[in-house]
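Note sheet for the following structure.
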Amino acid sequence: MLALEGVSRYRGERLLLRRIHFRLSPGRLTLLQGPNGAGKTTLWRILGGLLLPDEGRVLWEGKPLRREDWPRVYREVGLSGSEPFLHEDLTGYENLAFWATAFGLPPSKARAWLERMGLERAGDLPLHRYSLGQRKRLSLARAFLPGPSLVLLDEPFSSLDRDGQKLLADLLREHRTRGGGALIIQHEVPGYLPVDEQYWLEGGTLRPVGSP
(Lines of atoms letter the chains of each structure in order from A and count residues from 1; the text may use other names and numbers.)
(Lines give C-alpha, C1' and ligand atoms only; values in the text may rest on other atoms or scores of the structure.)
Protein backbone atom coordinates (compact mmCIF):
# COMPACT_ATOMS: atom_id res chain seq x y z
CA MET A 1 0.00 0.00 0.00
CA LEU A 2 1.94 3.07 1.26
CA ALA A 3 5.58 2.64 2.24
CA LEU A 4 8.76 4.49 3.09
CA GLU A 5 12.07 3.26 1.74
CA GLY A 6 15.22 4.54 3.45
CA VAL A 7 13.63 7.88 4.39
CA SER A 8 15.68 10.45 6.31
CA ARG A 9 14.73 13.99 7.25
CA TYR A 10 16.67 16.78 8.95
CA ARG A 11 15.50 19.85 10.85
CA GLY A 12 18.45 22.15 10.42
CA GLU A 13 21.40 20.02 11.50
CA ARG A 14 19.26 17.75 13.66
CA LEU A 15 18.42 14.33 12.22
CA LEU A 16 14.71 13.67 12.86
CA LEU A 17 14.29 10.48 10.82
CA ARG A 18 17.12 8.07 10.08
CA ARG A 19 16.77 5.74 7.07
CA ILE A 20 13.19 4.76 7.93
CA HIS A 21 11.73 1.67 6.29
CA PHE A 22 8.01 1.43 7.00
CA ARG A 23 4.95 -0.09 5.36
CA LEU A 24 1.23 0.40 6.03
CA SER A 25 -0.86 -2.63 5.14
CA PRO A 26 -4.53 -3.08 4.17
CA GLY A 27 -6.92 -4.13 6.91
CA ARG A 28 -4.58 -3.14 9.76
CA LEU A 29 -4.67 -0.34 12.31
CA THR A 30 -1.15 0.85 13.07
CA LEU A 31 -0.39 2.93 16.16
CA LEU A 32 2.66 5.23 16.17
CA GLN A 33 3.90 6.70 19.44
CA GLY A 34 7.01 8.44 20.74
CA PRO A 35 8.15 11.38 22.86
CA ASN A 36 7.27 14.95 21.95
CA GLY A 37 9.52 16.32 19.22
CA ALA A 38 10.56 12.88 17.99
CA GLY A 39 9.34 13.56 14.45
CA LYS A 40 5.98 11.78 14.42
CA THR A 41 4.19 14.65 12.68
CA THR A 42 7.10 14.98 10.25
CA LEU A 43 6.68 11.30 9.40
CA TRP A 44 2.92 11.87 8.96
CA ARG A 45 3.57 14.79 6.60
CA ILE A 46 6.03 12.79 4.51
CA LEU A 47 3.63 9.84 4.26
CA GLY A 48 0.86 12.26 3.24
CA GLY A 49 2.85 13.98 0.51
CA LEU A 50 3.02 17.30 2.38
CA LEU A 51 6.78 17.20 2.93
CA LEU A 52 9.59 15.72 0.87
CA PRO A 53 12.19 13.50 2.53
CA ASP A 54 15.81 14.61 2.38
CA GLU A 55 16.75 11.05 1.49
CA GLY A 56 14.78 7.98 0.45
CA ARG A 57 11.47 7.44 -1.31
CA VAL A 58 7.73 7.23 -0.66
CA LEU A 59 6.07 4.32 -2.47
CA TRP A 60 2.45 3.68 -3.39
CA GLU A 61 1.60 0.16 -4.51
CA GLY A 62 5.33 -0.48 -4.86
CA LYS A 63 6.01 2.50 -7.15
CA PRO A 64 7.85 5.71 -6.20
CA LEU A 65 5.53 8.69 -5.83
CA ARG A 66 6.17 11.96 -7.64
CA ARG A 67 4.51 15.27 -6.79
CA GLU A 68 2.21 14.98 -9.81
CA ASP A 69 0.96 11.60 -8.57
CA TRP A 70 -0.51 12.89 -5.31
CA PRO A 71 -3.81 14.37 -6.61
CA ARG A 72 -4.74 10.87 -7.79
CA VAL A 73 -3.46 9.19 -4.63
CA TYR A 74 -5.52 11.48 -2.37
CA ARG A 75 -8.62 9.59 -3.49
CA GLU A 76 -7.09 6.60 -1.70
CA VAL A 77 -5.29 8.30 1.20
CA GLY A 78 -7.28 10.41 3.68
CA LEU A 79 -5.47 12.87 5.97
CA SER A 80 -6.42 14.46 9.27
CA GLY A 81 -3.93 16.24 11.48
CA SER A 82 -2.02 19.47 11.89
CA GLU A 83 -2.95 20.53 8.34
CA PRO A 84 -6.75 21.04 8.55
CA PHE A 85 -7.44 21.44 4.78
CA LEU A 86 -10.49 23.51 5.78
CA HIS A 87 -11.40 27.14 5.09
CA GLU A 88 -12.36 29.36 8.05
CA ASP A 89 -14.92 31.44 6.15
CA LEU A 90 -16.83 28.50 4.67
CA THR A 91 -19.52 26.59 6.51
CA GLY A 92 -18.97 23.00 7.53
CA TYR A 93 -21.17 21.89 4.65
CA GLU A 94 -19.38 24.13 2.14
CA ASN A 95 -16.01 22.79 3.24
CA LEU A 96 -17.05 19.18 2.76
CA ALA A 97 -18.96 19.96 -0.46
CA PHE A 98 -15.80 21.58 -1.87
CA TRP A 99 -13.81 18.42 -1.18
CA ALA A 100 -16.59 16.17 -2.44
CA THR A 101 -16.48 18.02 -5.76
CA ALA A 102 -12.67 17.81 -5.82
CA PHE A 103 -12.93 14.05 -5.35
CA GLY A 104 -15.56 13.76 -8.09
CA LEU A 105 -18.37 13.00 -5.63
CA PRO A 106 -21.86 14.53 -5.36
CA PRO A 107 -22.38 17.26 -2.71
CA SER A 108 -24.91 14.97 -1.02
CA LYS A 109 -21.89 13.10 0.37
CA ALA A 110 -21.09 16.22 2.40
CA ARG A 111 -24.49 16.18 4.13
CA ALA A 112 -24.20 12.46 4.77
CA TRP A 113 -20.84 12.88 6.50
CA LEU A 114 -22.02 15.85 8.55
CA GLU A 115 -24.80 13.64 9.86
CA ARG A 116 -22.46 10.70 10.43
CA MET A 117 -20.13 12.89 12.51
CA GLY A 118 -22.94 14.46 14.53
CA LEU A 119 -22.50 17.87 12.88
CA GLU A 120 -25.82 18.21 11.07
CA ARG A 121 -26.89 21.15 13.29
CA ALA A 122 -23.55 22.89 12.79
CA GLY A 123 -23.35 22.24 9.07
CA ASP A 124 -24.50 25.71 8.06
CA LEU A 125 -22.26 27.56 10.52
CA PRO A 126 -18.93 29.05 9.38
CA LEU A 127 -15.90 27.13 10.54
CA HIS A 128 -14.66 29.97 12.75
CA ARG A 129 -17.67 29.34 15.02
CA TYR A 130 -16.81 25.68 15.53
CA SER A 131 -15.41 24.37 18.81
CA LEU A 132 -12.14 22.39 18.77
CA GLY A 133 -14.09 19.15 19.00
CA GLN A 134 -16.35 20.11 16.09
CA ARG A 135 -13.32 21.07 14.01
CA LYS A 136 -11.76 17.69 14.69
CA ARG A 137 -14.97 15.91 13.67
CA LEU A 138 -15.10 17.92 10.43
CA SER A 139 -11.44 17.20 9.68
CA LEU A 140 -12.06 13.48 10.20
CA ALA A 141 -15.14 13.64 7.97
CA ARG A 142 -12.96 15.16 5.22
CA ALA A 143 -10.43 12.34 5.63
CA PHE A 144 -13.03 9.59 5.29
CA LEU A 145 -15.18 11.40 2.69
CA PRO A 146 -13.80 9.83 -0.53
CA GLY A 147 -13.85 6.28 0.86
CA PRO A 148 -10.04 5.96 1.03
CA SER A 149 -8.24 2.66 1.39
CA LEU A 150 -5.87 4.26 3.91
CA VAL A 151 -6.23 7.06 6.47
CA LEU A 152 -3.32 8.87 8.12
CA LEU A 153 -4.47 10.43 11.39
CA ASP A 154 -2.28 12.65 13.58
CA GLU A 155 -3.70 12.99 17.12
CA PRO A 156 -7.23 12.11 15.95
CA PHE A 157 -8.64 11.47 19.45
CA SER A 158 -7.40 14.79 20.85
CA SER A 159 -10.10 17.47 21.38
CA LEU A 160 -12.86 14.86 21.07
CA ASP A 161 -15.27 14.19 23.92
CA ARG A 162 -16.16 10.63 24.91
CA ASP A 163 -18.92 10.41 22.32
CA GLY A 164 -16.57 11.69 19.64
CA GLN A 165 -13.87 9.20 20.61
CA LYS A 166 -16.38 6.35 20.49
CA LEU A 167 -17.58 7.56 17.07
CA LEU A 168 -14.02 7.63 15.72
CA ALA A 169 -13.25 4.17 17.12
CA ASP A 170 -16.38 2.84 15.41
CA LEU A 171 -15.33 4.47 12.12
CA LEU A 172 -11.88 2.90 12.34
CA ARG A 173 -13.31 -0.54 13.12
CA GLU A 174 -15.66 -0.31 10.12
CA HIS A 175 -12.81 0.94 7.92
CA ARG A 176 -10.66 -2.01 9.02
CA THR A 177 -13.48 -4.50 8.43
CA ARG A 178 -13.78 -3.24 4.84
CA GLY A 179 -10.07 -3.89 4.31
CA GLY A 180 -8.89 -0.35 4.94
CA GLY A 181 -5.65 0.52 6.71
CA ALA A 182 -4.88 3.34 9.13
CA LEU A 183 -1.94 5.06 10.77
CA ILE A 184 -2.91 6.54 14.13
CA ILE A 185 -0.44 8.88 15.84
CA GLN A 186 -1.62 9.30 19.42
CA HIS A 187 -0.08 9.27 22.91
CA GLU A 188 -3.03 7.32 24.31
CA VAL A 189 -5.86 5.54 22.51
CA PRO A 190 -9.08 4.15 24.00
CA GLY A 191 -8.66 0.60 25.22
CA TYR A 192 -11.60 -0.53 23.09
CA LEU A 193 -9.81 0.38 19.83
CA PRO A 194 -8.27 -2.73 18.23
CA VAL A 195 -4.65 -2.02 17.25
CA ASP A 196 -2.87 -4.53 15.01
CA GLU A 197 0.63 -3.03 15.01
CA GLN A 198 2.42 -0.59 17.26
CA TYR A 199 5.61 1.40 16.57
CA TRP A 200 7.81 3.70 18.64
CA LEU A 201 9.74 6.62 17.12
CA GLU A 202 12.65 8.08 19.08
CA GLY A 203 16.12 9.35 18.25
CA GLY A 204 15.38 9.14 14.54
CA THR A 205 14.74 5.40 14.75
CA LEU A 206 11.42 3.66 14.17
CA ARG A 207 10.98 0.24 15.75
CA PRO A 208 8.08 -2.15 16.36
CA VAL A 209 6.97 -2.18 19.98
CA GLY A 210 8.09 -5.41 21.59
CA SER A 211 11.24 -5.71 19.49
CA PRO A 212 14.68 -5.41 21.14
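Note that our numbering has the sequence shown beginning at 884, numbered continuously upward.
For every residue, glycine included, the Cβ atom is placed at its ideal position computed from N, Cα and C.
TODO: Use the C-beta contact count for N1015: other C-beta atoms within 10 angstroms, 16 or more gives buried, fewer gives exposed.
DONE: The residue labelled residue 1015 in the question sits at position 132 within the sequence shown. Looking at the sequence provided, one finds Leu at residue 1015 rather than Asn. With fewer than 16 other Cβ atoms within 10 Å, it is exposed.
TODO: Enumerate, from N- to C-terminal direction, the unbroken alpha helix (DSSP H) stretches of 4 or more residues contained entirely within the stretch 995-1027.
DONE: 1015-1027
Open item on the list: Between L942, L912, E1085, G1087, which has its C-alpha nearest T1060's C-alpha?
Closed with: As a position in the sequence shown, residue 1060 is number 177, starting the count at 1. That would be L912, whose Cα lies nearest to the Cα of T1060.
Open item on the list: Give me the DSSP bridge partner(s) of I903.
Closed with: Counting from one through the sequence shown, the residue named residue 903 turns up at place 20. V890.
- [ ] Ignore the nearest five residues each way along the sequence and tell me which others in M1000's own chain have a CB closer than 8 angstroms to its CB.
- [x] Taking the first residue of the sequence shown as 1, we reach residue 1000 at position 117. Result list for M1000: R1020, L1021, L1023, A1024, L1050, in chain order.
Task: Extent of the continuous beta strand (DSSP E) to which Q1184 belongs - done: Coverage of the chain is limited to positions 884 through 1095, which leaves residue 1184 absent and any answer about it impossible.
Open item on the list: Please state the DSSP three-state secondary structure of Q1048.
Closed with: Start at 1 with the first residue of the sequence shown, and residue 1048 comes out as number 165. Here Q1048 sits in helix by DSSP.
Task: Limits of the alpha helix (DSSP H) - the one that L979 falls within - done: Taking the first residue of the sequence shown as position 1, residue 979 is located at position 96. Run containing L979: 975-985, per the alpha helix (DSSP H) assignment.
- [ ] Pull up the distance between the alpha-carbon of H1058 and that of L969, whole angstroms please.
- [x] Along the sequence shown, read from residue 1 onward, the residue named residue 1058 stands at position 175. Along the sequence shown, read from residue 1 onward, the residue named residue 969 stands at position 86. Approximately 23 angstroms, taken between the alpha carbons.
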